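*Asks:* Following this message is one structure expressed as structure tokens.
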Amino acid sequence: MSEIIRKLEMRKITKKFPGVLACNNIDIHLKSGEILALLGENGAGKTTLMNVLFGLYQPEHGEIFINDKKVIINSPSTAFKYGIGMVHQHFMLVPNLTVVENVALGLIGKRIFKLNLNEARSKILEVSKLYGLSVHPDAYIWQLSVGEQQRVELIKVLCLGANLLILDEPTAALTPQETDELIILLKKMAENDRSIIFISHKLNEVKAVSNRVCVLRNGSLVYEGKTKEHSVAALAEKMAGREISMPTLKEKSKATTPILEIKNVFAKGNKGTMALDDFSLTVNKGEIVGIAGVSGNGQKELADVINGISHIESGKILLHNKEITNQSPQKIINKGMGYIPEDRIHEGTISSFSVKENIIMKDYNKTPLSKSLFLQNKVIEDYSLELIKNYNIKCPNNKTSCGSLSGGNVQKVILARELSRKPEMLIASYPIRGLDIGAAEYVHEQLLEARKENVGVLLISEELDELLDICDRIAVIYEGKILDILDRDIATKSKLGLLMAGIKDEKKVI
Amino acid sequence: MILDFIIGILSAGIPLAAPLLLAGLGEMFNQRAGVFNLGVEGIMLMGAFVGFLVVLTVGSPVLGLLAAILVGAIMGLIMAVVTVKFKAQQGISGIGLFMLGWGLSGTLFRVYVGGITSIEGIKSFSFPLLGKIPIIGEIFFQNNILVYLTFMLVPISWYVLNKTAWGLKVRAVGTNPQAADTLGIKVDRIRFQCIILGSMMAGLAGAYLTIAQTHIFADNITAGRGFIAVALVYFGRWKPVGIMWGTLLFSLAHAMQRSIQVYGINFPYEIAVIIPYLLVIVVLALSYKSQQLGPVALGKPFNRGSRE
Amino acid sequence: MKKKLYNETIYRLLIIAIAIFSALFVGAILLLIAKTNPLKAYHIMFTEPLSGKFGLTEILVRAAPLMLVGLGIAIAFRSGIINIGGEGQIMIGAIFGTFIALSFPDLPTYILLPFIFIASFIGGAIWGGIAGWMKAYLSVNEILSTIMLNYIAFQVYMFLIRGPMIDPKEVSYGTGVPQTALLSKNAWLARIVPASRLHAGIIIAVILAICVYIFLWKTTIGYKLRAAGAEAKAAKYIGVNVKNYLVLAMLLSGGFAGMAGAIEVCGVHHRGLESISAGYGFSGIVVALFGGLHPLGIIPASAVFGLLIVGADMMQRSITVPASIILAIQGLIILAIVSSQIFFSNIAIKEKIMTKLKLMKPGDKDDS
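Chains as they are written, first to last, in this note's numbering: chain E, 100 to 609; chain Y, 701 to 1008; chain W, 20 to 387.
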């Protein structure tokens, strides 16, 4: 077991990627028993900085000191040797191995022959006893829930002797309760003289868990200080670098004409279980309805069945009083459905195609873009240039492949395509996930603009702020059902949070 | 008569399984580490030729086999550099390696040997006592030594894969290389090792054909056995025992097709020869569901430096 | 902007040149092992065919089938399928075409030839389509299935030209050479250069290459086909039946290889014989890759490999190194081309090299 990390310093860390300065001269430090929150927008450089500390990336400049001794960390195994462990946002577990085997994988080092699973097993039991984390050592990873997998990740990192833990967006896939449990656990670890770096952009969690906060913006450290001295709003401002004025809904919707009606829908998910279980919801013209919920409660399936990508078992879906149940995606598109998919790289666009070819993705077979099987290059050219201009898509030219654009610009390509078709109804799945605040603002403005033009919008999101900003009504999905629908004037974060955890009757909890 | 027919098929089928099994187990190591090596056919051809040439010139079957293993390792190194170092598309790389092995073995055969020549090679022997047991002795105890060694590789491969530290690393690298990487496992190094090990086994499998089975070399002598071995890895669901059953099923079908001809049943030769290839297609079609259980990272180059 | 594009082109050419040079360098070592002076061998291979009418026309004779097979492989590749079955598809195409030619010997040329080409297309398409269907609906790895179909096609083809379709003369003379009867003159492609084997097939191939270009990039079906290959999920969402398009791609891919069979039968041999394919199915893969999987790149690429194949034949005759070495060299070229892709796709490596070569200033953003 390595010496405990009493003091960690990263000095003047600079890491470049082609065309991007991911970390620019960043200094951070941490002592044992401390929880440091690393705060920043997507792309601010948090994960890159931590991957440097964990030995996955080599910085161009900068040094790392542990207990005042300079160290060179050039691989994850060196990081572990110094007692640094990292829980990644996407769990680093091998699904077809057991918990014990996953832990043993980190313990065997350079060994070739001897595989001592008992050594790993006793370590797991020791650690799980210390922190009260129960886990079945012989379970296969694929058998475990997301929360359990995260527990395994933590146990694994602790078994490997980490006394400085880096957690990258650890709460992204957790329910509010699981999040609370994690926060308690982290505090307990800190009391045991372990140090923790907590990467997040969720300000409430940062506020609840950390002692100190470092704010990164565009690869630079812009602020460092004690967490308790700042309000959530102040931290948000530091993160964005300006006062945030995300567009919000002003006037109340008077909409009463239903445009999308979903009636008692049952649909199976990937695993064969009922992902949508008697789901009903109506969206009116000129109204934005939010779907709040912890991911994996049927949101993906909901978007899929509305757009005809997968089929439902029973129930009915109507678009403007016309049945679209189990029709092909193309038929549904032609009836006026627009869709901003969750996976904008693989589902929303074709990365290897040019911006031009992506813009015509839905209308390539309609006049005037094509005439009897032949694409009309001149028309397409003009049309694409017009949209690139109108939607302010930043690309060298319209022949650039979509895959080389930034996330925000890819989303603009999708928005341009969907909105310029004048849909009656728009499904937007996690439309601002992973975008910087400027791009997010633009997306919301466009959604509000669509609402003004009498489009019905269904906004699926996990970010309560996003939903509270621009939705007329917010429906909470839990285990494939709508648990409740709240009007914007009565919806609050705490009410939604409870509903997202599946608790409908508040009194029972209190 | 019927009994003779069955004994004939069984005793001919088991030695026919050996080269497929060798190559199949080798390919299993490739694929468990996430690399789809279609070059097996080309490696087998090179192994077959080099093994043959060494036996022809030096006379020692052992040296011939060793030379085949060495040439397999060299071919494997090429494959590893192309697919792991340069992260090239694996399927098409394998075809390139196949063409290299095919063209080179044919060329060198014409340059160094010229025509059909046969070698002494390795002969089968009968176990004292055991070989004399009626039926069973004839089927199981009158083979050449390589057959026994090959079948012993089945439990050995299972043990290596499931019970050793290296095997655990291989399984992790083929399923979630990112995870293995964060635990300090050198993903590319493990893949190199697996490709080279698998290719050595493929080289040996090729040499088996010339040294222990046919005792001659001819252009394209493997006739698709390398590709069949790759297909049998899917069929065997990436498990040594499964692959063994696959190769046995296959070689018995092959032996039966030969017996039909020997027994003078009137059947066009060309149609009979098609049977094994048809069987591969059927086998692939039947085993498609199992692909979900396979190494998830199969065919995907690993790249840490790229920015997610 | 212009300067950047220029530097980009230099970089691209440089990488390709290095790849080809490495393949030829390793090939030289192989030639040494085959007891041949590599310089002499390469000299003959690359210059001899260009030095006279015979060589030049022969290059184009080889280029025609190579181009067709390469086009087919490019269509499949563009839809995400690797078609290794060119060899088998050529044979099935050839036998279909031969069957039609022998059955209707008296039809006038302008009816008979299209009829033969359509039949060959259908034959190859069936053979490719089987693999496509199995890939789409049974998830059968298409590389393995097309290879198996090659072996099967070869046996079926041999069975037919040894048995049912053998030239009656071979039977009556008792020689028994496996080949079909000679086709009637109506089924022959016109010779376009007198006293050579160069026939109209090369013109057909070039026209078809342009058609494929228009089809893939200028029609809605081509758009869908490329979409299905590039991003199946997105294609499915915009209403492309991805599975059917996989099958369509393989039907076309096989069909083009099948027509290569017809070109060999009607243009060169005027009958079906054992060595009808001469390895074009595999060489076509190299041609397609070398041509950047683009129809307009495949036209020159097929000439380059036509040159190599003719050169290898000449080499065999003059310095007795077996022509099969060309197969090994083609294998090396495939390995070199696929290995070089990382220098284009990995932006970090690309920037590093371009900066070192002073083709780019450090810190310049790459947005190609």
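The C-beta atom is built at its ideal place from N, Cα and C for all residues, glycine as well.
Quick caveat: nothing in here was measured; it's all calculated off a predicted structure.
Could you check whether the Cβ of Q731 of chain Y sits closer than 8 angstroms to any Cβ belonging to chain W?
*Replies:* Taking the first residue of the second sequence as 1, we reach residue 731 of chain Y at position 31. So, not an interface residue.
*Asks:* Give the residues from the segment 250-273 of chain W that approach chain E closer than 8 angstroms (Cβ to any Cβ), ordered along the chain.
*Replies:* Those would be E250, K252, A253, A254, K255, Y256, I257 and G258, in chain order.
*Asks:* Out of E:T372, E:P440, E:D481 and E:V119, which has the shortest C-alpha to C-alpha gap to E517 of chain E?
*Replies:* Indexing the first sequence from 1 puts residue 517 of chain E at position 418. Measuring from the Cα of E517 of chain E, the nearest candidate turns out to be E:P440.
*Asks:* Contact defined as beta carbons within less than 8 angstroms: I believe L558 of chain E pairs with L334 of chain E. What is the distance between those atoms, to the nearest angstrom?
*Replies:* As a position in the first sequence, residue 558 of chain E is number 459, starting the count at 1. As a position in the first sequence, residue 334 of chain E is number 235, starting the count at 1. The pair is not a contact, with the Cβ atoms about 25 angstroms apart (cut-off 8 angstroms).
*Asks:* If you follow the beta strand (DSSP E) that K415 of chain E is in, where does it begin and where does it stop?
*Replies:* Translated into the one-based positions of the first sequence, residue 415 of chain E becomes position 316. That run of the beta strand (DSSP E) goes S413 to L418.
*Asks:* Using a Cβ-Cβ distance under 8 angstroms, would Y463 of chain E count as near chain W?
*Replies:* Taking the first residue of the first sequence as 1, we reach residue 463 of chain E at position 364. Yes, because at least one Cβ of chain W sits closer than 8 angstroms to the Cβ of Y463 of chain E.
*Asks:* Based on the DSSP secondary-structure assignment, which residues constitute the bridge partners of M185 of chain E?
*Replies:* Position 86 of the first sequence holds residue 185 of chain E. Note: M185 of chain E sits in a beta bridge opposite E:I265.
*Asks:* Anything in chain W within Cβ reach of A907 of chain Y, meaning under 8 angstroms, just list it in chain order.
*Replies:* Numbered from its first residue, the second sequence carries residue 907 of chain Y at position 207. Those do not exist, as A907 of chain Y stays about 18 angstroms from chain W at its closest Cβ, beyond 8 angstroms.
*Asks:* Could you check whether S450 of chain E and A501 of chain E sit closer than 8 angstroms to each other, using their CB atoms as the reference points?
*Replies:* Here the question's residue 501 of chain E lines up with position 402 in the first sequence. Here the question's residue 450 of chain E lines up with position 351 in the first sequence. Residue identity differs from the one stated: residue 501 of chain E is Cys in this sequence, not Ala. Cβ atoms of C501 of chain E and S450 of chain E: closer than 8 angstroms.
*Asks:* Among E:L484, E:L417, E:G318 and E:I134, which one has its Cα closest to the Cα of F116 of chain E?
*Replies:* By 1-based counting over the first sequence, the position of residue 116 of chain E is 17. Comparing Cα positions, the closest option is E:G318.
*Asks:* Using the Cα positions of L273 of chain E and L302 of chain E, report the straight-line distance between them to the nearest angstrom.
*Replies:* Here residue 273 of chain E corresponds to residue number 174 of the first sequence, with the count starting at 1. Here residue 302 of chain E corresponds to residue number 203 of the first sequence, with the count starting at 1. Each residue's Cα considered, the two are about 16 angstroms apart.
*Asks:* Short check: CB of A172 of chain W to CB of G291 of chain W, under 8 angstroms?
*Replies:* Taking the first residue of the third sequence as position 1, residue 172 of chain W is located at position 153. Taking the first residue of the third sequence as position 1, residue 291 of chain W is located at position 272. No, the Cβ-Cβ distance between A172 of chain W and G291 of chain W is not below 8 angstroms.
*Asks:* Could you say which of E:D403, E:N123 and E:E162 lies nearest to R108 of chain E if we only look at CA atoms?
*Replies:* Your numbering for residue 108 of chain E matches position 9 in the first sequence. Just to set this straight, residue 108 of chain E is Glu in the shown sequence, not Arg. Among E:D403, E:N123 and E:E162, the Cα nearest to that of E108 of chain E is on E:E162.
*Asks:* From L201 of chain W to G220 of chain W, what does the alpha carbon distance come to, in whole angstroms?
*Replies:* Working through the third sequence from its first residue, we reach residue 201 of chain W at position 182. Working through the third sequence from its first residue, we reach residue 220 of chain W at position 201. Taking the straight line joining both Cα atoms gives about 19 angstroms.
*Asks:* Sort out for me which residues DSSP pairs E323 of chain E with in a bridge.
*Replies:* On the first sequence, position 224 is the one that residue 323 of chain E refers to. E323 of chain E is bridged to E:C313.
*Asks:* Under the DSSP definition of a beta bridge, which residues are partnered with F116 of chain E?
*Replies:* As a first step, residue 116 of chain E must be located in the first sequence, where it is residue number 17. According to DSSP, F116 of chain E bridges with E:V119.
*Asks:* Can you name the residues of chain W whose CB is closer than 7 angstroms to the CB of M460 of chain E?
*Replies:* What you label residue 460 of chain E is simply residue 361 of the first sequence in a count that begins at 1. By Cβ distance, chain W contributes I257.
*Asks:* Comparing the C-beta of M109 of chain E with each C-beta of chain Y, is any distance below 8 angstroms?
*Replies:* As a working mapping, residue 109 of chain E is identified with position 10 in the first sequence. Cβ-Cβ to chain Y under 8 angstroms: no for M109 of chain E.
*Asks:* Considering only their Cβ atoms, is the gap separating P175 of chain E from L883 of chain Y smaller than 8 angstroms?
*Replies:* As a working mapping, residue 883 of chain Y is identified with position 183 in the second sequence. As a working mapping, residue 175 of chain E is identified with position 76 in the first sequence. In contact: L883 of chain Y and P175 of chain E (Cβ atoms closer than 8 angstroms).
*Asks:* What residue range does the alpha helix (DSSP H) around S805 of chain Y cover?
*Replies:* The residue given as residue 805 of chain Y occupies position 105 in the second sequence. Where S805 of chain Y is concerned, the enclosing alpha helix (DSSP H) stretches over Q790 to Y812.
*Asks:* Just to confirm the assignment, what range does the beta strand (DSSP E) spanning H160 of chain E have?
*Replies:* For the purposes of this step, residue 160 of chain E is identified with residue 61 of the first sequence, where counting begins at 1. Looking at the DSSP string, the run of the beta strand (DSSP E) that includes H160 of chain E is H160 to I165.
*Asks:* Can you look up T238 of chain W in the DSSP assignment and give me helix, strand or coil?
*Replies:* For this step, residue 238 of chain W is matched to residue 219 along the third sequence. The answer is strand: DSSP assigns T238 of chain W an E or B state.
*Asks:* Which same chain residues end up closer than 6 angstroms to H128 of chain E when comparing Cβ atoms and leaving out the 5 residues on each side of it in sequence?
*Replies:* Taking the first residue of the first sequence as 1, we reach residue 128 of chain E at position 29. Excluding positions up to five away in sequence, the list reads E108.
*Asks:* Just list the alpha helix (DSSP H) runs in the segment 149-231 of chain W, keeping only unbroken ones of 4 residues or longer that don't cross its boundaries, in chain order.
*Replies:* The segment 149-231 of chain W contains these whole alpha helix (DSSP H) runs: 161-181 and 187-192.
*Asks:* Please confirm whether K415 of chain E and E422 of chain E have their CB atoms less than 8 angstroms apart.
*Replies:* Mapped onto the first sequence, residue 415 of chain E falls at position 316. Mapped onto the first sequence, residue 422 of chain E falls at position 323. Yes; because the gap between Cβ atoms is below 8 angstroms, this pair is in contact.
*Asks:* Taking only three categories from DSSP, how would you classify R925 of chain Y?
*Replies:* Position 225 of the second sequence, counted from the start, is the residue given in the question as residue 925 of chain Y. Note: R925 of chain Y maps to helix in three-state DSSP.
*Asks:* Buried or exposed for D588 of chain E, going by 16 or more other Cβ atoms inside 10 Å?
*Replies:* In the first sequence, the residue the question calls residue 588 of chain E occupies position 489. Its Cβ having fewer than 16 others within 10 Å, D588 of chain E is exposed.
*Asks:* For E299 of chain W, count neighbouring C-beta atoms within 10 Å of its own C-beta (all shown protein chains included) and say buried if the count is 16 or more, exposed if not.
*Replies:* Indexing the third sequence from 1 puts residue 299 of chain W at position 280. Inspection of the sequence shows that residue 299 of chain W is occupied by Tyr rather than by Glu. Its Cβ being crowded by 16 or more others within 10 Å, Y299 of chain W is buried.
*Asks:* Under the rule that 16 or more other beta-carbon atoms within 10 Å means buried, what is W393 of chain W, buried or exposed?
*Replies:* Because residue 393 of chain W is not part of the residues shown, which for chain W are 20 to 387, the question remains open.
*Asks:* Considering only C-alpha positions, which residue in the set W:G91, W:A36 and W:Y61 is nearest to G280 of chain W?
*Replies:* As a working note, residue 280 of chain W is residue 261 in the third sequence. When each option's Cα is compared against that of G280 of chain W, the closest is W:G91.
*Asks:* Should Y170 of chain W be flagged as near chain Y, meaning a C-beta pair shorter than 8 angstroms?
*Replies:* Here residue 170 of chain W refers to the residue found at position 151 when the third sequence is read from its first residue. Chain Y, which has a Cβ nearer than 8 angstroms to the Cβ of Y170 of chain W, makes this yes.
*Asks:* Start and end of the beta strand (DSSP E) containing S294 of chain E?
*Replies:* Start at 1 with the first residue of the first sequence, and residue 294 of chain E comes out as number 195. Element bounds for S294 of chain E: S294 to S299.
*Asks:* Determine whether the beta carbon atoms of S302 of chain W and Q349 of chain W lie at a separation below 8 angstroms.
*Replies:* In the third sequence, residue 302 of chain W corresponds to position 283, counting from 1. In the third sequence, residue 349 of chain W corresponds to position 330, counting from 1. Yes.
*Asks:* Identify whether L378 of chain W lies in helix, strand or coil by the three-state DSSP scheme.
*Replies:* Counting from one through the third sequence, the residue named residue 378 of chain W turns up at place 359. Reduced to three states, the DSSP call for L378 of chain W is coil.
*Asks:* Curious, which full-length beta strand (DSSP E) runs of at least 3 residues does the segment 562-604 of chain E contain?
*Replies:* Whole beta strand (DSSP E) segments, 3+ residues: 572-577 and 580-586.
*Asks:* Check whether the segment 359-367 of chain W and the segment 779-793 of chain Y touch, using three or more Cβ-Cβ pairs below 8 angstroms as the test.
*Replies:* Short answer: they touch.
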